[in-house]
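The structure appears right after this line, and notes come after that.
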Ligand code: IVH
């Protein structure tokens, strides 16, 4: 590095900045990092040292100076399409900075030397866990939560107050009366492993992309538009930094103890120590104990405890000089790549999966790892027989992060990504802009057909009492090829299957009969249209009301729904364009399945003629409030206009809707007032 020429340094600096900015975007905006934190930090370190060597190339726009931004312009969770989310942005009263970080003890001792130089006295440190989530800033005014704002670009962030209120540990009003009139408290929203595993299992089941790790799941969940959905995500919060004018504390730990006494969630694991040696002990302890924690941490934060010293030490453009983070290296293991399988998914997507020489990693034996897609394989330049590093990083299936090129054996062979479907032999296709290859033979590819049935009968779809083994049996016998075949199965056919008796046959037939009363939204989801998950099926069926209306909808009509983007719309249109699918819909309809939204039962006509917009978090779900209105003859729409009679607001309603209603003089009522209208 010391021999680098000026022009080479300039080129490398530009390249690093570009790459780092790209990774910042993947991490903060898309919630989908493609490299590990460790690799990212290495790139940032290289850039910082080059900028130090060649100060003439310094720039205020460099990622070494700027904080990454999470302001929501992210794709929706289910399609891959870009959608601009609608959170109001709010400017931070004090900029929200990041922390300097290090993976080495030497740098930590340099940190403590720098502090000793400034304060000239022995220093007490607060040692804390570095929670691996997404930063949040809460403002309390007169004991009430006024707003919750994400870090954003450090200067302004997204106002996510409504979503924050769904987190049980966050008090809307503080306990006692000793709190300042106004203060801010910052912390981390994170997702405990249990909630993360549950969420990803659900997403896999409904063919939605699982989150890479709990941190992405937390920040993705915090930015959902539907607070009701956020409430189901099991988010947690810990607060670790108080700010305000003239706060009555002399140390950070006192401020945090006070926050705790007001009912705010703080960490149980922070310790105040009085030497850097004790900081090391704290690090050593958590370096092993962290594996027993029920939530993710990625390091330790060390803060100067005295607030007057924090003030004296001050800030750089990007981070405080009075605190730093010591990060743990992610666990990884080196093992041999034995072979690669190419798996065909329900919708035909091909996923390369590595078979590994079994190796222990963080408490389990790893035998398989995902290679995601062809681009990822090319990026790793992977060969069969290579020695590869596997990392878990919270993912369900571990991933290969690096190939140890020094260990590459002479016999290593370049894997050949298949041209044809490994199951049915059809030529694979890759749509423009998509990372995955697909088998287009959806009507004849046995794996796709069978997994289509497994999806159809699953609990959240038709909830038919059968499993994969039964589907296999029925398929092998040739009894089922198309979904509608299920409804013409006979008892004779069933008892002819291996191991089947009268009783099991009757149970399956009864369950099929019962499935005819499954509501339309689940029937639509059960059809298995690519990109249409459970939540989207609900939105589409509620919006259009019947399968005929969805079939007749063009792209423009489909993308009218906020969550539906171009990719999902095209997928729906393509599905219905296939005559085989249309025929199936007709056959399923003839079998008695529901292809229309059930009309909300009319209870009264009290609200007839009224047009309502519903916004915020209520005692029941927003859908239930809407159904209540409709059951009393009212109409509901999604945006406030001159025609709106009432804006019904719960906790933390949408800022834009409120503003518009106020401007237009629309009546704004609460849930209670709505119920009173009916009475
Ligand atoms: S203090 C002025 N304490 O780590 C900086 N941060 O990589 C105040 N984090 O932006 C931050 N646990 O989102 C602090 N105990 C802790 C933390 C913590 C996690 C996050 C925070 C910060 C990031 C820096």
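Residue numbers (our numbering): 1036 to 1714.
Glycine included, each C-beta is placed from N, C-alpha and C at the ideal position.
Taken from the Cβ of residue 1133, at least one heavy atom of ligand 1 lies inside 7 Å. With contacts defined by Cβ atoms closer than 8 Å, residue 1606 and residue 1565 form a contacting pair.
Where residue 1411 is concerned, the enclosing alpha helix (DSSP H) starts and stops at 1409–1415.
Annotation for residue 1263: the continuous alpha helix (DSSP H) segment containing it runs 1262–1266.
Taking the Cα positions, residue 1699 is about 41 Å away from residue 1244.
Residue 1621 has its CB no nearer than 7 Å to any heavy atom of ligand 1. Two segments are said to touch when three or more pairs of C-beta atoms, one from each, lie closer than 8 Å; by this definition the stretch 1498–1511 does not touch the stretch 1629–1636.
Assigned with DSSP and collapsed to three states, residue 1514 falls in coil, not helix or strand.
For residue 1487, the three-state secondary structure derived from DSSP is helix. For the set 1353, 1068 and 1582, the Cα lying nearest the Cα of residue 1083 is the one of 1353. Residue 1136: member of the beta strand (DSSP E) spanning 1135–1137, first to last residue.
Classified as buried, residue 1572 has 16 or more neighbouring CB atoms from the shown chains inside 10 Å of its CB.
Annotation for residue 1170 indicates a beta carbon within 7 Å of some heavy atom of ligand 1. Taking the Cβ atoms as the reference, residue 1263 lies roughly 6 Å from residue 1657, within the contact range of under 8 Å. With a cutoff of 7 Å, residue 1165 counts as near ligand 1, since its C-beta is closer than that to a heavy atom of the ligand. The three-state reading of DSSP puts residue 1218 in strand, counting E and B together. Here residue 1481 carries a helix assignment [DSSP, helix/strand/coil]. Boundaries around residue 1160 are those of the beta strand (DSSP E), 1160–1166, since no alpha helix (DSSP H) includes it. Below 8 Å, too few C-beta pairs join the stretch 1463–1481 and the stretch 1581–1595 to call them touching: fewer than three.
In the three-state DSSP reduction, residue 1631 falls in the strand class (E or B).
Taking all protein chains shown into account, residue 1669 has 16 or more neighbouring C-beta atoms within 10 Å of its C-beta and is therefore buried. In terms of side-chain proximity, the C-beta atom of residue 1365 is found no nearer than 7 Å to any non-hydrogen atom of ligand 1. Shown here for residue 1167: same chain residues with a beta carbon closer than 6 Å to its own, the five before and five after excluded, namely 1250, 1331, 1332 and 1333 in chain order.
Using a 10 angstroms sphere on the CB of residue 1640, the tally of other CB atoms stays under 16, which defines it as exposed.
Proximity to residue 1328 across 1355, 1226, 1376 and 1259 peaks at 1226, based on C-alpha coordinates. If you look at residue 1614, you'll find it in the alpha helix (DSSP H) that goes 1614–1626. In terms of side-chain proximity, the C-beta atom of residue 1390 is found no nearer than 7 Å to any non-hydrogen atom of ligand 1. The Cβ-Cβ distance between residue 1318 and residue 1361 falls below 8 Å. In this structure, residue 1551 sits away from residue 1532, with a CB-CB distance that is not shorter than 8 Å. Counting only runs of at least 4 residues, the stretch 1414–1465 fully encloses no alpha helix (DSSP H) element at all.
Contact check between the stretch 1083–1101 and the stretch 1041–1058: three or more CB pairs, one atom from each, fall below 8 Å, which counts as touching. With a cut-off of 7 Å, the C-beta of residue 1358 is classified as near ligand 1, since at least one heavy atom of the ligand falls inside that distance.
Counting only residues of its own chain and dropping the five nearest sequence neighbours on each side, residue 1439 has a CB closer than 8 Å to the CB of 1369, 1421, 1422, 1423 and 1424. As computed with DSSP, residue 1647 is found in a beta bridge with 1671 and 1681. With a cut-off of 7 Å, the C-beta of residue 1251 is classified as distant from ligand 1, since no heavy atom of the ligand falls inside that distance.
Where residue 1082 is concerned, the enclosing alpha helix (DSSP H) starts and stops at 1072–1088.
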